[in-house]
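Before any comments, here is the structure.
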Amino acid sequence: MTAPPPTLPARYDEATAAEFLDALGRADEWRACEIAVRLLDAGVPVSEVLVGLVGGAARRIGQLWQGGQWSVAQEHAATAVNERVVAAVGARIPAGRARGSVVVGCLDGEWHALPARIVAEVLRADGWGVTFLGASVPAEHLASYLHEYGPDAVALSCALPIHLPAAHRTIQAAQRTGTPVIAGGPGFGVDGRWARRLGVDAWAPGPVEALEILEREPWRGRAAAEQAASTGADAEYPALRERRGELVGAAVTALHGFSPLAGGALANPLETDPFEDVGQVVDFLAAAVYLDDAELFADYLRWLAAALTARGITTGGLRTVLDALAAGLHDFPFALRCLRDGRALLRREPTIGGDDR
Numbered sequence: 113m114t115a116p117p118p119t120l121p122a123r124y125d126e127a128t129a130a131e132f133l134d135a136l137g138r139a140d141e142w143r144a145c146e147i148a149v150r151l152l153d154a155g156v157p158v159s160e161v162l163v164g165l166v167g168g169a170a171r172r173i174g175q176l177w178q179g180g181q182w183s184v185a186q187e188h189a190a191t192a193v194n195e196r197v198v199a200a201v202g203a204r205i206p207a208g209r210a211r212g213s214v215v216v217g218c219l220d221g222e223w224h225a226l227p228a229r230i231v232a233e234v235l236r237a238d239g240w241g242v243t244f245l246g247a248s249v250p251a252e253h254l255a256s257y258l259h260e261y262g263p264d265a266v267a268l269s270c271a272l273p274i275h276l277p278a279a280h281r282t283i284q285a286a287q288r289t290g291t292p293v294i295a296g297g298p299g300f301g302v303d304g305r306w307a308r309r310l311g312v313d314a315w316a317p318g319p320v321e322a323l324e325i326l327e328r329e330p331w332r333g334r335a336a337a338e339q340a341a342s343t344g345a346d347a348e349y350p351a352l353r354e355r356r357g358e359l360v361g362a363a364v365t366a367l368h369g370f371s372p373l374a375g376g377a378l379a380n381p382l383e384t385d386p387f388e389d390v391g392q393v394v395d396f397l398a399a400a401v402y403l404d405d406a407e408l409f410a411d412y413l414r415w416l417a418a419a420l421t422a423r424g425i426t427t428g429g430l431r432t433v434l435d436a437l438a439a440g441l442h443d444f445p446f447a448l449r450c451l452r453d454g455r456a457l458l459r460r461e462p463t464i465g466g467d468d469r
């Protein structure tokens, strides 16, 4: 759930990156755009400005939020300015004859659109004709669009693994139109492990790699959807999804109506809606079940525990949620294993969770 520190291009220094982040932190749109445009005027390529400066700042913003140094409001304001910077950089890209056409969008339910927008502008700067569909594109609407316009490829972005079941449906819908699918984003796992599991035609860790993939001929793995590994979709996953409301309700009851992430009366809670917060835990568990990968859920718990610890909140509430879910999933062997392993993880590594209850 965490991202590596950004690698800055040699064409500008750490001071410029710090100046840019400071502008984002103050929600100073004019200053942030001026810095990016100044780099373009100095000859820094669009890809380096967007991937290094804008993308690097986006990762740093996420780290500041996770560490409790920035509030949700600060993170949202900075991200909004970052999106305006991408638009300003995009406006500087000259029009020209397209090398081919690519559709770029986010999976159904995925609202983190900035990474996909960066990919779209980097591709466009390299001469590709790009249609950016934005956040949360339903699978059937994407397939209809691909049928109508027939692009050379579609690039799909996923920031959170909870969207992987939707990703599978979207990938299959796109491939049924004969359109190759490039997947990207941390939601597909380290080195794209879950992207390959879901049968994509290619996985790109970033926009530059996406460009390299598009330049390859011919496309390989066009029938990847038929060769995709089986998932838990035919076993525990559907039944777990059916029980979602019941599971969330039981966990909230065990918490006496409090959010496991609120930390009681602390001034800096992670979240405050118990049903939404417990629901996210259930959704990550469901994604792990769907992919038959317990490490997906364990990785989420590590990330969440670190965010709680940074705010001085113990994992007691989170452990209560795991226990309540385990009680409601006694006949789900894989889900139960994930929950037991998660409980042991929090107990075994108290430094990431505060109390050692």
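When we follow my numbering, the leftmost residue of the sequence shown carries the number 113, and every step to the right adds one. Positions of the beta carbon are idealized from the N, C-alpha and C atoms, including for glycine. Bear in mind that the values here come from a model prediction, so they are computed numbers and not experimental data.
Residue j beta carbon less than 8 Å from that of residue i
i, j, result
"Asp-264", "Val-293", "no"
"Pro-250", "Ala-271", "no"
"Gly-241", "Gly-217", "no"
"Ser-248", "Trp-223", "yes"
"Leu-136", "Asn-194", "yes"
"Ala-436", "Ala-363", "yes"
"Ala-207", "Gly-239", "no"
"Arg-172", "Leu-133", "yes"
"Ala-295", "Ala-307", "yes"
"Leu-258", "Val-201", "no"
"Val-214", "Leu-310", "no"
"Gly-357", "His-275", "no"
Euclidean distance between Cα positions of residue i and residue j
i, j, result
"Tyr-506", "Gly-290", "Because the chain is modelled from 113 through 469, residue 506 falls outside the range shown and cannot be assessed."
"Ala-127", "Asp-453", "43 Å"
"Pro-372", "Val-433", "7 Å"
"Leu-165", "Glu-131", "10 Å"
"Gly-369", "Gly-318", "41 Å"
"Glu-348", "Leu-441", "10 Å"
"Pro-118", "Ile-230", "For Pro-118, the predicted model reports a pLDDT of 44, less than 50, meaning its position is unreliable and no value from the coordinates is stated."
"Arg-281", "Ala-406", "21 Å"
"Leu-245", "Pro-445", "39 Å"
"Glu-388", "Val-360", "9 Å"
"Ala-456", "Ala-419", "18 Å"
"Asn-254", "Gln-178", "Checking the sequence, you will find Leu at residue 254 rather than Asn. Leu-254 and Gln-178: Cα-Cα distance of roughly 32 Å."
"Leu-323", "Glu-354", "40 Å"
"Asp-303", "Leu-176", "24 Å"
"Ser-269", "Ala-225", "8 Å"
"Ala-399", "Leu-219", "14 Å"
"Ala-232", "Ala-366", "45 Å"
"Ala-237", "Pro-157", "9 Å"
"Ala-203", "Arg-459", "52 Å"
"Ile-147", "Asp-153", "10 Å"
"Ile-425", "Val-394", "20 Å"
"Gly-174", "His-188", "10 Å"
"Leu-416", "Tyr-261", "41 Å"
"Leu-451", "Val-401", "11 Å"
"Asp-385", "Ser-256", "36 Å"
"Cys-145", "Arg-423", "32 Å"
Residues sharing a beta bridge with residue i, DSSP
i, result
"Arg-244", "In the sequence on display, residue 244 carries Phe and not Arg. Paired residue(s): Val-216."
Nearest to residue i (by Cα), restricted to the options the options
i, options, result
"Phe-409", "Gly-208, Ala-127, Ala-436, Leu-448", "Leu-448"
"Thr-421", "Gln-181, Val-149, Ala-169", "Gln-181"
"Phe-300", "Asp-140, Ala-129, Leu-403", "Leu-403"
"Gly-167", "Thr-191, Arg-138, Gly-262", "Thr-191"
"Ala-139", "Ala-169, Arg-414, Gly-155", "Ala-169"
"Glu-252", "Pro-273, Arg-288, Thr-243", "Arg-288"
"Arg-273", "Val-149, Gly-429, Phe-396, Arg-414", "It is worth fixing the name first, because residue 273 is Pro in this sequence and not Arg. The candidate whose alpha carbon is nearest that of Pro-273 is Phe-396."
"Val-149", "Thr-427, Thr-243, Gln-186, Val-198", "Val-198"
"Asp-125", "Val-320, Glu-160, Ala-285", "Glu-160"
"Thr-427", "Ala-439, Ala-438, Arg-414", "Arg-414"
"Ala-267", "Gly-155, Ala-228, Gln-186, Ala-129", "Ala-228"
Check: residue i C-beta below 7 Å from any heavy atom of the ligand NAD
i, result
"Gly-424", "The ligand NAD is not part of the structure shown, which contains no ligands of any sort."
Scan the region 265 to 333 and note each continuous alpha helix (DSSP H) run of 4 residues or more that stays entirely inside, going in chain order. Within the region 265 to 333, the alpha helix (DSSP H) runs of at least 4 residues that lie entirely inside it are, in chain order, 276 to 288, 305 to 309, 319 to 326.
Quick check on the DSSP output: what are the complete alpha helix (DSSP H) runs of length 4 or more inside the region 142 to 184, in order along the chain? You should have 167 to 178.
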